[in-house]
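Engineer: Chains as they are written, first to last, in my numbering: chain B, 1477 to 1720; chain H, 836 to 1146. Idealized CB from N, CA, C, for every residue including glycine.
1. Please tell me whether residue 925/H and residue 963/H are closer than 7 angstroms, where the distance is taken between their beta carbons.
2. Report buried or exposed for residue 1493/B, applying the criterion of at least 16 other Cβ atoms within 10 angstroms of its Cβ.
3. Report yes if the CB atom of residue 873/H is closer than 7 angstroms to the CB atom of residue 1036/H, and no otherwise.
4. Provide the residue(s) that pair with residue 1109/H in DSSP beta bridges, ordered along the chain.
5. Straight-line CA distance for residue 1702/B to residue 1720/B?
6. Mapping the DSSP letters down to three states, classify residue 1650/B as helix, strand or coil.
7. Is the region 931 to 938 of chain H touching the region 957 to 972 of chain H, taking contact as three or more C-beta pairs under 8 angstroms?
8. Going by alpha carbons, who is nearest to residue 850/H out of 893/H, 856/H, 844/H and 902/H?
9. Could you give the C-beta distance for residue 1066/H and residue 846/H, rounded to a whole number, given that I count them as a contact under 8 angstroms?
10. Between the Cα of residue 957/H and the Cα atoms of 1082/H, 905/H, 982/H and 923/H, which residue gives the shortest distance?
11. Around the C-beta of residue 1076/H, are 16 or more other C-beta atoms found within 10 angstroms, so that it is buried, or is it exposed?
12. Check whether the Cβ atoms of residue 1105/H and residue 864/H lie closer than 7 angstroms to each other.
13. I need the DSSP call for residue 949/H, collapsed to helix, strand or coil.
14. For the region 1511 to 1524 of chain B, which residues have a beta carbon sitting closer than 9 angstroms to at least one beta carbon of chain H?
15. Quick one: does residue 915/H have its CB under 7 angstroms from some CB of chain B?
16. Rounded to whole angstroms, how far is the Cβ of residue 1605/B from the Cβ of residue 1687/B, which I believe are closer than 8 angstroms?
17. With residue 1024/H as the anchor, note down where its beta strand (DSSP E) starts and where it stops.
18. Locate the beta strand (DSSP E) running through residue 853/H, then write down its first and last residues.
19. Can you find a CB in chain H that lies within less than 7 angstroms of the CB of residue 1576/B?
20. How many angstroms separate the CA atom of residue 948/H from the CA atom of residue 942/H?
21. Pick out the complete alpha helix (DSSP H) segments inside the region 1568 to 1640 of chain B, 4 residues or longer, and give them in chain order.
22. Give me the DSSP bridge partner(s) of residue 1524/B.
23. Is the CB of residue 1491/B under 7 angstroms away from at least one CB in chain H?
24. Run through DSSP, which three-state label would residue 919/H get?
25. For a test of the three-state rule: what should DSSP assign to residue 1531/B, helix, strand or coil?
26. Is residue 1686/B helix, strand or coil by DSSP?
27. Assign residue 1700/B to buried or exposed, taking buried as 16 or more other Cβ atoms, counted over all protein chains shown, within 10 Å of its Cβ.
28. Taking its Cβ as the centre, do 16 or more other Cβ atoms sit within 10 Å of residue 1706/B, making it buried, or is it exposed?
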């Protein structure tokens, strides 16, 4: 396994540099929006770290799928997987290596986002407002990170399964959106059956339940259906797909 | 330049078969390449060349048979890219990297020293385009870079698919010299090409396939040697029967003529004995690779106003 090679292969392309720059600008912009403007919008004129991170998580739910799918499936789309597999013919090792590289980028992005959220919350609360609430870091590290972690895992599974940047992105961003919308409709219609069916594929809901310590066996079902199953099928496809 | 030694492993394809649905892309194909040789791998479009090369390099799996390098499958080699340099499709090089970044990344992947990238860049003549993105390269420049990537690990075997495509005449000369010196240093080169004249000028052995099957394998001189006589008869079937009956080798040529391994006078005597009416008889000219190719693969030679053969 050579995740260092996959990280470098990802980082030294022009497209990745542009995407990373735009991502960091978006995260910084939303951090400023969340931390600096918050005191002006809340009654006690404070800035809460969890609220700031929630604002940052809005672009992150697009950035994480984009980066994760790109790292895992990008070479299939641009054809350079041929060169990679000629130089590193151990396909499972390459796949694992790419998954680790994607995880490293996700962790780094999450860490930068938390840092920016904390900084902008402190500046907004202490220098502009009436105080900064940093004690809500626990909520960031559980609820918010669980949500982003679910996004990462689903994106990784879609990249592995579909082995196409476009299809992977459409699935990684589109399916959670469809599930979220269907979940709201089920609540609006009051249909328990529909709600149960949707809950079986609601990875975000399951990850939140897991983060809050309320997860039961049922919450494992979305993980199995949306992450483990596609990842297993993707691994099989990765091992045997012909190149060229 | 490469420092290939005389210890290059043998490249061997044994009874290789690959089917896509009902169609046999490769059908019980066997051939081998020895150190110190440049082998041309020829066949019409869809003959199974690319499929064979992809199986050889681990990018596709065979249904039956095996393709071995030094007795092992590509994927089982300890350092595959340091044993076999491969360039199958120059378009597979990532367009978002510069030429030197591409080579440095390859050097790092293969565990080669960093300055090997500059060395290879000079070998392939792309110093001036080192910091230009590959997406902005011409196809010929991509081919050069692809060959550079193949050479990066200082391999003892080179497998190249259409390496002369997109190269200008100077580039083709460069490639010819490169491959020749690689083989002369004890390496093995297996190349497929559309450009028969370039193949003829570069290779010393040929493997010709058609519809996935081996048609002919041997030294270039043997295959392109003067083949005796060109002959046609009023009753072609009777002519063939007569040749078969006397154990005389022949090959079908364009226009229905047969190339026969007899001197013209002997062919005339045979026709007299068998009471065959000949419609043409003449000494065979020195056979070019192009003629051999069309004869062996059973494809018609294109007429003068048709475009050059894409094989």
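Structural biologist: Let me lay it out:
1. No.
2. Residue 1493/B counts as exposed, since fewer than 16 other C-beta atoms from the protein chains shown sit within 10 angstroms of its C-beta.
3. Taking 7 angstroms as the Cβ cut-off, residue 873/H and residue 1036/H do not qualify as a contacting pair.
4. According to DSSP, which records beta bridges pairwise, residue 1109/H is partnered with nothing at all.
5. The C-alpha of residue 1702/B lies about 29 angstroms from the C-alpha of residue 1720/B.
6. Residue 1650/B sits in a helix when the DSSP states are folded into three classes.
7. Result yes; three or more Cβ-Cβ pairs closer than 8 angstroms.
8. Out of 893/H, 856/H, 844/H and 902/H, 902/H has the C-alpha closest to the C-alpha of residue 850/H.
9. Incorrect: roughly 38 angstroms between the Cβ atoms, too far for contact.
10. Comparing Cα positions, the closest option is 982/H.
11. Exposed, by the Cβ-count rule.
12. The answer is no: Cβ separation not under 7 angstroms.
13. Coil at residue 949/H, not helix or strand.
14. Correct list: empty, as no residue qualifies.
15. Yes, contact with chain B.
16. Taking 8 angstroms as the upper bound for CB-CB distance, residue 1605/B and residue 1687/B are not in contact here, some 28 angstroms apart.
17. Start and end: 1023 to 1027.
18. Residue 853/H -> beta strand (DSSP E) spans 846 to 855.
19. No, because no Cβ of chain H sits closer than 7 angstroms to the Cβ of residue 1576/B.
20. Distance between the alpha carbons of residue 948/H and residue 942/H: 7 angstroms.
21. Segments of the alpha helix (DSSP H) lying fully in the region 1568 to 1640 of chain B: 1621 to 1638.
22. Beta-bridge partners of residue 1524/B (DSSP): 1609/B.
23. Yes, residue 1491/B counts as interfacial toward chain H.
24. The answer is strand: DSSP assigns residue 919/H an E or B state.
25. Residue state, collapsed to three classes: helix.
26. DSSP places residue 1686/B in helix when its eight states are reduced to three.
27. With fewer than 16 other Cβ atoms within 10 Å, it is exposed.
28. In the assembly as shown, residue 1706/B is a buried residue. Its beta-carbon has 16 or more other beta-carbons within 10 Å.
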